[in-house]
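Asker: Add 371 to the 1-based position in the sequence shown for the numbering used here, that's all there is to it. For every residue, glycine included, the Cβ atom is placed at its ideal position computed from N, Cα and C. Right, I'll just put the structure down here and ask away after.
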Amino acid sequence: MTDGTTDREADDGLPRWRDPAWRAEILSWAFDRLAIEGLRPTGQPEQVKARPWSTVFRLPTAAGPTWLKANAAGSRYEASLVSALARWVPDQVVPPVAVEPAEGWLLMRDGGPTLQSVLASSGRGGDLAAWERLLVEHAQLQRIVETHVPELLSLGVPDNRPHVLPALREDLLSGHSALRLGQDGGPSNEEHEALRKMGRALAGACAALDALGVPDSIEHDDLHDNNVFAPKRPGQPMRVFDWGDAVVGQPFMVLHVLLGTVAEVAQLADGAPQLLRLRDAYLDAWTDVASLDDLKEGARLANRAVGVVRAASWRRALCEATLAGRARWEDRIVGWLGQEPAYVLERAL
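This is the structure:
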């Protein structure tokens with residue numbers, strides 16, 4: 372079958388995403404797997420997204436759309452990770468139709484509307500009950516998966532546990548090419564040195580996180596309402612997808628993006644008690660490990676260290692990027708390193 376390209380920013384992706392031979396190979400693989408599952412194609416595939424880190428095709432079938440995702444090298448582990456999560460927490464992810472771990476290919480059924488679309492269409496973007504439910508369910512997922520850390524690491528999920536982060540930060544700051552040091556849009560030598568100085572407190576924060584005793588687990592690292600499928604029926608859990616940024620790390624770091632999204636969508640002011648209640652509802656899952664006060668301090672420490680994790684995620688995302696792709700996205704690496712130790716959510720955490 373032929374395929375179309377509908378992503379207007381396809382030139383931001385990798386050259387192979389547009390290569391006819393590569394497309395023929397991945398689509399042949401996908402259609403073979405659909406046939407095995409009895410899913411009959413009903414239309415032409417569409418390449419709906421192409422970025423330096425992944426590309427996505429929509430494949431219409433008689434049973435509804437299916438989605439084919441290919442990852443670049445930096446997030447190739449996502450296919451194996453989603454397959455493993457489907458075994459460990461099957462109700463909280465969409466089990467894949469098929470995966471090709473060596474290539475990072477992932478074939479999925481449609482998960483339905485996202486939480487973002489459901490809340491927006493009903494005018495309930497600031498529905499804190501829905502956000503609290505997501506936080507509580509995700510904490511439960513992390514508690515289950517914490518027993519599988521060795522398996523996660525064996526699958527190639529990046530190791531971003533607290534004790535790794537100080538050295539990882541130094542490594543990120545040593546990557547002069549990725550930082551565009553001294554180039555247009557990059558930091559000056561003085562700014563680079565200032566970034567180094569900002570990280571001096573990181574080792575202490577990471578040691579305190581380890582001393583807290585909260586087990587490391589999966590950390591999605593980009594959890595927001597457009598990466599979550601709404602429940603199909605009342606009583607069913609939400610299902611999280613797009614695990615390409617996930618790492619093994621301190622679980623509380625997931626609060627950074629998620630609570631930031633809540634603050635924006637619900638238009639909550641700095642220090643809003645609603646954010647604090649959501650944080651506490653999430654942390655309650657670990658009250659068998661430490662007191663709530665200690666867990667709150669752990670959340671603050673995790674927020675101080677999360678910039679390293681986010682910067683490393685962007686470096687992985689761009690590991691195969693073209694010059695155009697790097698020029699567009701590389702400033703995120705310096706941006707995240709420069710936003711620690713205090714970022715917008717310091718007010719809430």
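What does DSSP give as the partner residue(s) for MET479 in the beta ladder?
Answerer: TRP438, PRO467.
Asker: Is PRO472 helix, strand or coil when you go by DSSP?
Answerer: Looking at PRO472 - three-state DSSP - the assignment turns out to be coil, as it is neither helix nor strand.
Asker: Use the C-beta contact count for SER399: other C-beta atoms within 10 angstroms, 16 or more gives buried, fewer gives exposed.
Answerer: Counting Cβ neighbours within 10 Å, SER399 comes out exposed, since fewer than 16 surround it.
Asker: Can at least three beta-carbon pairs, one atom from the stretch 570-579 and one from the stretch 426-437, be found at a separation below 8 angstroms?
Answerer: Segments in contact, no.
Asker: Could you tell me which of LEU544, ARG567, ARG495, ASP665 sits nearest to VAL633, measuring between CA atoms?
Answerer: When only C-alpha atoms are compared, the closest one is ARG495.
Asker: What are the start and end residues of the alpha helix (DSSP H) that includes ARG731?
Answerer: Not covered by the structure: residue 731. The range shown for the chain is 372 to 720.
Asker: Can you have a look at ILE704 and say buried or exposed, based on whether 16 or more other CB atoms are within 10 angstroms of its CB?
Answerer: Result: buried.
Asker: To the nearest angstrom, how far is it from the Cα of GLY669 to the Cα of HIS627?
Answerer: Each residue's alpha carbon lies about 13 angstroms from the other.
Asker: Is LEU477 near PRO461, with beta carbons less than 7 angstroms apart?
Answerer: It is not a contact, given that the beta carbons lie outside the stated cut-off.
Asker: Classify GLN418 as buried or exposed, calling it buried when 16 or more other Cβ atoms lie within 10 Å of its own Cβ.
Answerer: It is buried - the Cβ of GLN418 has at least 16 other Cβ atoms within 10 Å.
Asker: On the DSSP letters alone, give me the boundaries of the beta strand (DSSP E) that ALA421 sits inside.
Answerer: ALA421 -> beta strand (DSSP E) spans 417-421.
Asker: Are the beta-carbon atoms of LEU594 and VAL619 separated by less than 7 angstroms?
Answerer: Cβ distance not < 7 angstroms, so LEU594 and VAL619 don't count as in contact.
Asker: Per DSSP, what kind of secondary structure is GLY584 in: helix, strand or coil?
Answerer: Correct three-state label for GLY584: coil.
Asker: With distances taken between CB atoms, is the gap from LEU512 to GLN463 smaller than 7 angstroms?
Answerer: Cβ distance < 7 angstroms, so LEU512 and GLN463 count as in contact.
Asker: Assuming PHE428 is part of the beta strand (DSSP E), what are its boundary residues?
Answerer: First-last of the beta strand (DSSP E) with PHE428: 425-432.
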